[in-house]
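Residue numbers (full-length UniProt numbering): 1 to 138. Built from N, CA and C at the ideal position, the CB exists for glycine as well. Because the structure is a prediction, the values reported are computed rather than measured. A quick write-up on the structure given underneath.
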């Protein structure tokens, strides 16, 4: 009799735990990338992030989705793959933008440095009109 009285509470708690576990499974793989994404965006430096890791995770999750079409498995694993693919694409987009921006800044700096050297070379030589202190004959 007591189990029937607690059953109205036990079923929703089990359902809640099940949803919580599924949510943790779906979003658990993405959690480590959130601070990394914020750090890369804040510092504009993607040096410590490997794009090969993104490649491996993209291939693995795409294969998991393709396997799902052949043999169905639990839907939280399918959603985990979809969320992870989206996360990896966002990370790759951010890293690409940061690296391209940094490379452009380096090229601009080197171009500006080369340009200033050209200006120094193109500057006309200083001439002494008094005839004193002349080092070169024109």
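query = Mapping DSSP to helix, strand and coil, what is residue 72?
reply = coil
ask   = Residue range of the alpha helix (DSSP H) that residue 34 falls in?
value = 33-43
ask   = To the nearest angstrom, how far is it from the Cα of residue 35 to the Cα of residue 41?
value = 10 angstroms
key: Close Cβ partners of residue 22 (< 7 angstroms) along its chain, the five nearest in sequence each way excluded   = 76
message = So for residue 67, helix, strand or coil by DSSP?
response = helix
query = Of the residues 94, 102 and 68, which one's Cα is nearest the Cα of residue 39?
reply = 94
ask   = What does a CB cutoff of less than 8 angstroms around residue 37 pick up in its chain, not counting 5 residues either side in sequence?
value = 90, 91 and 94
task = Taking the CB atoms as reference points, tell me whether residue 30 and residue 87 lie closer together than 8 angstroms.
result = yes
query = To the nearest angstrom, how far is it from the Cα of residue 59 to the Cα of residue 32?
reply = 19 angstroms
query = What is the DSSP secondary structure of residue 13, reduced to helix, strand or coil?
reply = helix
inquiry  = Less than 8 angstroms between the beta carbons of residue 57 and residue 25, yes or no?
reply    = no
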